[in-house]
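Each remark here refers to the structure printed beneath this line.
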Amino acid sequence: MDERIAVSFPNLGNGIDFNISNVAFRVFNIPIYWYGIIIASAFLVCVLWAMKDSTKFDLVPDTIIDLMLFAAPAAIICARIYYVIFSWDKYSSSLKEIFNTRNGGLAIYGGIIGAVITAYLVARYKKIPALKLFDFAIPYVALGQAIGRWGNFFNQEAFGTNTSLPWGMTSPVTKAYLSNHAQELQQQSGITVYPDLPVHPTFLYESILDLAVFVFLIWMRKKKKFNGEVFCFYFLTYSLGRAFIEGLRTDSLMLGSLRVSQLLSVLFVIAFGIFIIYKRAKIKNESLEQAEAGHSIYAGILKDMEKESLEEEKLNEKAESDAVQSEQEPEAGDEAD
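First residue of the sequence shown: 1, per the UniProt record's numbering; consecutive thereafter.
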């Protein structure tokens with residue numbers, strides 16, 4: 001029998017309790033974990049949705065399948081490598097645990113890096129502009145994250161510090177983790193935690209953030225000003241939200257006293273924010289220059305037309321003058337006779 005965990009939201013209404021297990025079912029006594037099922041479901045939903053939309057953006061559904069088949073495993077491998085690098089103390093004494101992902105241990109930024117590199121290689125192979133492919137595919141990354149974060153709920157991980165908000169969560173796992181890491185959190189981040197009190201369900205915050213980013217990017221995909229803008233806006237919006245959420249978490253990957261994901265988020269917000277502003281300003285200036293050039297051409301045409309009109313008027317006046325003069329010359333000859 002798999003162990004079940006009592007997860008409570010004591011301040012939500014009269015209190016809401018869930019009795020969950022991280023194991024969904026067993027096949028020949030092999031446990032099938034909710035974490036893996038949710039990740040696989042996120043992958044399937046994103047592939048089907050992307051295939052449905054692909055023809056609207058002059059892409060072939062087979063390209064989407066190829067992209068996902070290569071990008072998904074690359075993302076998982078890189079997410080794990082990233083996590084292990086910044087949690088080396090945990091794995092250095094037991095290297096075989098590096099390959100045990102049943103209980104989580106994937107870092108989203110590592111996954112994104114792996115997926116982007118793979119997508120670039122697929123684009124080169126398929127002879128598709130990489131930025132065009134990035135703009136199309138990146139919204140589904142956000143959707144996959146929104147779904148995938150619920151794997152953290154079943155594993156009871158990716159939670160935050162104590163909170164008195166109505167949706168504060170508590171479980172034996174959160175209590176045990178905070179009890180074991182209270183001193184470490186105090187030393188690293190100056191955070192005081194109380195194991196018996198509810199904590200921020202930061203996995204839920206990020207799931208909501210990711211869903212909002214997905215909706216925004218789908219809209220932005222139709223409004224973009226340049227190739228790569230949707231891709232840039234993903235990093236800007238997701239990183240902006242992640243920087244705040246990461247500050248609440250108690251299980252952040254650390255680099256000295258710095259939270260790695262928070263540091264990366266801030267750098268991404270600055271870099272991609274500046275790039276978007278620069279590109280949009282450049283496009284605006286080019287549009288103004290084109291408008292001015294068009295105005296100059298139009299003004300030149302008007303000036304030429306005005307000049308031709310004046311010359312035509314002068315010719316008409318001269319013709320009329322010559323006609324009058326020719327009529328007067330015979331009359332003068334008659335008077336002489």
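Glycine included, every Cβ here is placed at the ideal spot set by N, Cα and C. Computed from a prediction, not measured in an experiment: that's the story for all the values here.
Helix, strand or coil, according to DSSP, for L197 in the structure here? Position 197 of the sequence shown, counting from 1, holds the residue named residue 197. Reduced to three states, the DSSP call for L197 is coil.
Would you decide whether Q262 is buried or exposed? Buried here means 16 or more other CB atoms lie within 10 Å of its CB. For the purposes of this step, residue 262 is taken as the residue at position 262 of the sequence shown. Flag for Q262 reads buried.
Taking only runs that begin and end inside the region 112-192, name each unbroken alpha helix (DSSP H) of 4 or more residues, in chain order. 130-148, 150-155, 172-189
Hey, quick one: how far does the alpha helix (DSSP H) through S41 stretch, first residue to last? Counting from one through the sequence shown, the residue named residue 41 turns up at place 41. Start and end: 34-54.
Which term fits Q305, buried or exposed, when burial requires 16 or more other beta carbons within 10 angstroms of its beta carbon? Position 305 of the sequence shown holds residue 305. Here residue 305 turns out to be Met, not Gln, going by the sequence shown. When all chains shown are included, M305 counts as exposed.
From which residue to which residue does the beta strand (DSSP E) around D58 run? Reading the sequence shown from its first residue, position 58 is the one you call residue 58. Taken as a continuous stretch (DSSP letters only), D58 belongs to no beta strand (DSSP E), as it is neither H nor E.
Pair within 7 angstroms by beta-carbon distance, I39 and A24: In the sequence shown, counting from the first residue as 1, residue 39 sits at position 39. In the sequence shown, counting from the first residue as 1, residue 24 sits at position 24. Contact flag unset, no.
Nearest CA to the CA of D196: which residue from L165, R124, S207, Y177? By one-based count along the sequence shown, residue 196 stands at place 196. Cα-wise, what sits closest to D196 is Y177.
Simplified DSSP assignment, three categories, for S8: If you number the sequence shown from 1, residue 8 lands on position 8. Strand.
C-alpha gap between A6 and I16, whole angstroms: Counted from its first residue, the sequence shown places residue 6 at position 6. Counted from its first residue, the sequence shown places residue 16 at position 16. Answer to the nearest angstrom: the Cα atoms are 10 angstroms apart.
Return the bridge partner residues of N19 from the DSSP annotation. By one-based count along the sequence shown, residue 19 stands at place 19. Paired residue(s): A6.
What whole-angstrom Cβ distance do A243 and S265 have, given they're in contact under 8 angstroms? Stepping through the sequence shown from its first residue, residue 243 is reached at position 243. Stepping through the sequence shown from its first residue, residue 265 is reached at position 265. Confirmed, Cβ separation roughly 4 angstroms.
Looking only at C-alpha atoms, which of N227, L310, I30 sits nearest to I138? Stepping through the sequence shown from its first residue, residue 138 is reached at position 138. Checked all of N227, L310, I30; the closest Cα to I138 is N227.
Is it right to say P166 is buried, meaning 16 or more other beta carbons lie within 10 angstroms of its own, or is it exposed? For the purposes of this step, residue 166 is identified with residue 166 of the sequence shown, where counting begins at 1. P166 comes out exposed.
Whole angstroms are fine: how far does the CA of A123 sit from the CA of S287? Within the sequence shown, numbered from 1, the residue matching residue 287 stands at position 287. Within the sequence shown, numbered from 1, the residue matching residue 123 stands at position 123. Roughly 30 angstroms separates the two Cα atoms.
Is the region 87-105 close to the region 53-67, with three or more CB pairs under 8 angstroms? no
For A74, name the three-state secondary structure that DSSP assigns. On the sequence shown, residue 74 is found 74 positions in, with the first residue counted as 1. In the structure shown, A74 sits in a helix (DSSP, three-state: H, G or I).
Where K25 falls: helix, strand or coil (DSSP): The sequence position of residue 25 within the sequence shown is 25, counting from 1. Reading off the sequence shown, one finds Phe at residue 25, where the question assumed Lys. F25 falls in the strand class under three-state DSSP.
Quick one, which of D135, F203, L185 has its alpha-carbon nearest residue 344's? Residue 344 cannot be examined here, being either before or after the span of the chain that is shown, 1 to 337.
contact_flag[the region 266-278, the region 247-255] where n(CB pairs < 8 angstroms) is 3 or more: no
Three-state secondary structure (DSSP) at L258? Within the sequence shown, numbered from 1, the residue matching residue 258 stands at position 258. Here L258 sits in strand by DSSP.
Taking 7 angstroms as the threshold (C-beta atoms), are N19 and F154 in contact? As a first step, residue 154 must be located in the sequence shown, where it is residue number 154. As a first step, residue 19 must be located in the sequence shown, where it is residue number 19. Cβ atoms of F154 and N19: not closer than 7 angstroms.
Could you give the C-beta distance for V45 and L143, rounded to a whole number, given that I count them as a contact under 8 angstroms? For the purposes of this step, residue 45 is taken as the residue at position 45 of the sequence shown. For the purposes of this step, residue 143 is taken as the residue at position 143 of the sequence shown. V45 to L143, Cβ: 7 angstroms. Contact.
Cβ separation of T192 and V213, assumed to be a contact under 8 angstroms, to the nearest whole Å: Taking the first residue of the sequence shown as 1, we reach residue 192 at position 192. Taking the first residue of the sequence shown as 1, we reach residue 213 at position 213. T192 to V213, Cβ: 32 angstroms. No contact.
Given this structure, state the Cα-to-Cα distance separating T161 from V199, to the nearest angstrom. The residue you call residue 161 lines up with position 161 of the sequence shown. The residue you call residue 199 lines up with position 199 of the sequence shown. Answer to the nearest angstrom: the Cα atoms are 5 angstroms apart.
Which residue marks the beginning of the alpha helix (DSSP H) containing S207, and which one marks its end? Position 207 of the sequence shown holds residue 207. S207 -> alpha helix (DSSP H) spans 202-220.
Given that a residue counts as buried once 16 or more other Cβ atoms are within 10 Å of its Cβ, and exposed if not, what is L253? For the purposes of this step, residue 253 is taken as the residue at position 253 of the sequence shown. The residue in question, L253, is buried, as its Cβ has 16 or more Cβ neighbours within 10 Å.
Could you check the C-alpha separation between S321 and K303 for me, to the nearest Å? Working through the sequence shown from its first residue, we reach residue 321 at position 321. Working through the sequence shown from its first residue, we reach residue 303 at position 303. Those two C-alpha atoms are separated by around 27 angstroms.
Going along the chain, which residues of its own chain have a beta-carbon closer than 8 angstroms to the beta-carbon of Y83, five neighbours each way excluded? Residue 83 sits at position 83 when you count from the first residue of the sequence shown. G105, L106, A107, G110, L253.
So, is A291 buried or exposed, given that buried needs 16 or more other C-beta atoms within 10 angstroms? Stepping through the sequence shown from its first residue, residue 291 is reached at position 291. Exposed, because fewer than 16 other Cβ atoms sit within 10 Å of the Cβ of A291.
Checking 7 angstroms against the spacing of the C-beta atoms, do residue 338 and A75 come in under that value? Given a span of 1 to 337 for the chain in the structure shown, any question on residue 338 remains unanswerable.
Tell whether a beta-carbon distance below 7 angstroms holds between F275 and F235. Along the sequence shown, read from residue 1 onward, the residue named residue 275 stands at position 275. Along the sequence shown, read from residue 1 onward, the residue named residue 235 stands at position 235. Cβ distance not < 7 angstroms, so F275 and F235 don't count as in contact.
Where D337 sits in the DSSP three-state scheme: For the purposes of this step, residue 337 is taken as the residue at position 337 of the sequence shown. Since pLDDT at D337 reaches only 46, below the 50 mark, its modelled position is unreliable, and no value is offered.
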